[in-house]
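To keep things clear, I will list the structure first and then write my remarks on it.
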Amino acid sequence: MSETLEGQPAATTAGEPLLVLRKLDKSLGATHALKAVDLAFEEGEIHAIVGENGAGKSTLIKVLTGVHPRTSGEVLWRGVAVPLVNPHEAIGLGINAVHQEVVLCPHLTVAANIFLGDEITRGGMLNHKAMVGEGQKLLDDLGFNLPADVLLSSLTIGQQQLIATARAERRGAKFLIFDEPTAYLTRQEVSALFKLIRRLKANGVTIVYISHRLEEVFELCDRVSVLRDGALVGTRRVGETNEADLIALMINRTIEQIYHKDVVPIGATIFATDKLSGPGFHDVSITVREGEIVGLYGLIGAGRSEFVQSVFGRQPADSGRIVWRGKEVKIRSERQAMELGVALSPESRRDQGLCLHLGVDLNINLPIFKRLSVGPFINLKREASAADRQIRDVRIKTAARSSPVSSLSGGNQQKVVIGKWLNHGAKMFIFDEPTVGVDVGTKAEIYRLLGSLLQQGAGVIMVSSYLPEVYELADTLHVFRSGTIVATHALKSASHETILTEAIGV
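Under numbering that gives the first Met the number 0, the residue at position 245 of the sequence shown is numbered 244, and the numbers go up by one with no gaps.
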């Protein structure tokens with residue numbers, strides 16, 4: 000298919016399109032979420048959709064899956080106009096989605112989730128044994144090393160996403176949408192997922208792949224379309240474009256501006272560990288100084304998160320020493336860590352970092368309500384002022400300070416987590432996967448916030464499984480494998496290949 004510019008549809012060369020959008024428009028109240036989008040999806044292609052948070056990707060998913068009826072325009076399925084007004088109709092056509100936030104039933108078994116809505120029965124009763132047997136065979140065939148007879152809630156978020164993928168595969172999807180599918184997956188799980196996606200493509204399934212990780216787009220996809228402010232601004236064949244071009248289309252910024260790093264003088268030592276050991280890690284020795292970003296890189300499960308959870312008092316260390324500003328301390332609880340001046344932005348913001356059904360203002364002021372109170376009463380004026388200041392400074396996009404955090408995009412939810420700890424006034428900030436599931440524009444804003452912390456004399460520990468992030472930003476980079484540090488590098492002093500080899504251990 001030829002290049003598409005400024006929303007114009009491309010001519011088909013590889014075959015007739017399976018699904019075509021003509022002047023697709025969607026308004027949500029005063030928000031014009033999709034603006035006359037013209038786009039064709041070929042049968043048996045992997046088509047990436049990229050763009051910043053708020054560009055219209057989520058709305059497009061909801062229109063294609065029948066969750067939101069379109070405001071105007073046409074949807075053609077195999078050349079025939081279809082209403083596509085509810086999820087049942089979309090599923091009937093063969094349109095399915097695997098969402099970033101898993102929408103299955105955690106209290107049921109893996110097998111029950113795979114067969115949800117299409118259960119195997121015998122004599123009018125659920126035949127759970129048969130579902131477990133067939134479910135296990137499906138998981139094994141897909142290369143997912145997961146049990147079918149355990150509760151879904153016992154699996155990690157990433158593993159639950161693989162179960163959602165297996166469910167979509169079993170339903171015989173012809174048009175399958177993946178929304179940030181690798182955000183919580185291990186390297187091995189990503190490999191299994193990519194193998195499945197390629198198999199689906201070979202079987203003629205059309206894949207829509209939505210991701211903020213552009214390297215995955217270039218590894219996996221045939222074409223890529225860019226949304227900006229609800230409009231389609233371009234479609235490219237992946238082999239005829241590059242990351243810099245896509246970023247320019249998305250946000251009108253260069254890749255150098257995304258990873259901009261201010262030169263900040265390194266000051267006195269804030270924090271150090273000496274052969275610290277605990278559940279999931281051992282003999283970890285690091286130093287964090289004023290104005291310094293210390294990166295912890297490794298594959299998921301390498302011990303990085305377990306180490307920082309211990310530093311924050313959630314899983315106290317078994318042995319070794321912690322030194323805070325020259326004095327040995329014991330951190331046995333989160334309260335002790337916070338009183339010292341340690342802040343943690345956890346790996347899962349939704350499960351560990353936010354109260355989703357509370358307002359932005361309540362979330363962002365959580366660490367400082369004592370400061371905002373007079374006796375047992377909260378000073379509402381000071382509370383509102385503190386929230387408004389952080390919403391402005393951190394650039395959180397929200398309809399109102401009282402809007403529930405659940406209504407925000409993933410990037411803005413992450414900004415609330417960061418803004419909460421900025422309010423607290425901590426001296427050492429731990430960011431565990433700070434940009435997972437956020438777009439490149441929001442990444443740039445988060446990196447700007449990290450720079451402002453360094454300018455104020457704070458130190459930062461950044462845990463990330465995204466190598467370009469820690470490679471470009473960490474003044475000192477520690478590589479974790481099997482629960483311990485196996486290598487340490489100064490800023491950009493080693494190649495990507497060297498660091499990855501150290502993390503994998505080959």
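We put the beta carbon where it would ideally sit given N, CA and C, even for glycine.
### Task
Report yes or no: do three or more beta-carbon pairs, one from the region 86 to 104 and one from the region 117 to 131, lie closer than 8 Å?
no
### Message
How far does the alpha helix (DSSP H) with TYR446 in it extend, from its first residue to its last?
### Response
439 to 454
### Query
Since SER224 and HIS67 are thought to touch, with beta carbons under 8 Å apart, how far apart are those beta carbons, to the nearest angstrom?
The Cβ separation is near 19 Å, so there is no contact.
### Query
To the nearest angstrom, how far is it from the Cα of ALA80 to the Cα of GLU179?
29 Å
### Message
For a test of the three-state rule: what should DSSP assign to LYS326, helix, strand or coil?
### Response
strand
### Task
Taking only the alpha-carbon atoms, compute the straight-line gap between GLU207 and PHE177 and give it to the nearest angstrom.
The sequence shown places Val at residue 207, not Glu. Using only the alpha carbons, I get a separation of about 6 Å.
### Message
Strictly by DSSP, which residues pair up with SER284?
### Response
BP columns for SER284 are empty, so no partner.
### Query
Applying the criterion that 16 or more other CB atoms from any shown protein chain within 10 Å of the CB defines a buried residue, is CYS104 buried or exposed?
It counts as exposed.
### Message
Here's a check: name, in chain order, each residue in its chain whose Cβ is nearer than 6 Å to the Cβ of ILE265, leaving out the five neighbours to either side.
### Response
ARG288, GLY290, GLU291
### Message
By the three-class DSSP mapping on this structure, what secondary structure does ARG222 have?
### Response
strand
### Query
With a cut-off of 8 Å, does the C-beta of PHE174 fall near any C-beta of chain D?
No chain D is part of this structure, which consists of one protein chain only.
### Query
Given 8 Å as the limit, is there contact between the region 156 to 166 and the region 102 to 117, that is, 3 or more CB pairs closer than that?
yes
### Task
Could you give the DSSP three-state label for HIS211: helix, strand or coil?
coil
### Task
Assuming THR268 and VAL283 form a contact by the criterion Cβ under 8 Å, report the distance between their Cβ atoms to the nearest whole angstrom.
Going by Cβ atoms, the distance from THR268 to VAL283 rounds to 16 Å, so no, they are not a contact pair.
### Query
So, are the CB atoms of ILE250 and GLU51 less than 8 Å apart?
yes
### Message
Just to confirm the assignment, what range does the beta strand (DSSP E) spanning ASP431 have?
### Response
Its beta strand (DSSP E) spans residues 427 to 431.
### Query
Of all the alpha helix (DSSP H) runs that stay within the bounds of the region 355 to 434, which reach a length of 4 or more residues?
Fully enclosed alpha helix (DSSP H) runs of no fewer than 4 residues occupy 359 to 363, 379 to 393, 409 to 423 of the region 355 to 434, in order along the chain.
### Task
Please classify GLU5: is it buried, with 16 or more other beta-carbons within 10 angstroms of its beta-carbon, or exposed?
Model confidence at GLU5 stands at a pLDDT of 37, short of 50, so the residue's coordinates are unreliable and nothing is read from them.
### Task
Enumerate in chain order the residues of its own chain whose CB-to-CB distance from GLY53 is below 8 Å, with the five nearest sequence positions on each side excluded.
ASP228, LYS396, SER408
### Query
Touch check for the region 297 to 317 and the region 486 to 493: three-plus C-beta pairs under 8 Å?
No, because fewer than three Cβ pairs between the region 297 to 317 and the region 486 to 493 fall closer than 8 Å, the two stretches do not touch.
### Task
Return the CA-CA distance between GLY134 and VAL328, expressed in angstroms with no decimal places.
50 Å
### Message
With a threshold of 7 Å on Cβ separation, who are the neighbours of ALA316 within its own chain once the five nearest residues in sequence on each side are excluded?
### Response
LEU275, SER276, GLY277, SER309
### Task
Have a look at VAL469, GLY450, LYS22, LEU453 and flag the residue whose alpha-carbon is nearest the alpha-carbon of THR70.
LYS22
### Task
Could you pull the start and end residues of the beta strand (DSSP E) that SER111 belongs to?
Just to set this straight, residue 111 is Ala in the shown sequence, not Ser. Not the beta strand (DSSP E): ALA111 falls in the alpha helix (DSSP H), residues 109 to 113.
### Query
My guess is that ARG480 and GLY297 are in contact by the Cβ rule of under 8 Å, so how many angstroms apart are they, rounded?
Yes, they are in contact, since the Cβ atoms of ARG480 and GLY297 sit about 6 Å apart, within 8 Å.
### Task
Provide the residue(s) that pair with GLU44 in DSSP beta bridges, ordered along the chain.
Paired residue(s): none; GLU44 is not in a bridge.
### Task
Taking only the alpha-carbon atoms, compute the straight-line gap between ALA486 and ILE503 and give it to the nearest angstrom.
12 Å
### Query
Should the region 57 to 66 be regarded as contacting the region 21 to 37, the criterion being three or more beta carbon pairs within less than 8 Å?
yes
### Meets three-Cβ-pair contact criterion under 8 Å: the region 433 to 444 and the region 413 to 420
Touching, yes, given that three or more Cβ pairs across the two stretches are closer than 8 Å.
### Query
For ARG236, which residues from the same chain have a beta carbon less than 6 Å from its beta carbon, with the 5 sequence-adjacent residues on both sides left out?
ARG222
### Task
For the alpha helix (DSSP H) holding ASP139, just list the boundary residues, first then last.
Per DSSP, the continuous alpha helix (DSSP H) segment holding ASP139 begins and ends at 127 to 141.
### Message
Quick check: what's the CA-CA separation for ALA13 versus ALA172?
### Response
Because ALA13 carries a pLDDT of 48, less than 50, the predicted location of this residue cannot be relied on, and no value is offered for it.
### Query
Taking DSSP as the reference, what is the three-state secondary structure of ALA473?
coil
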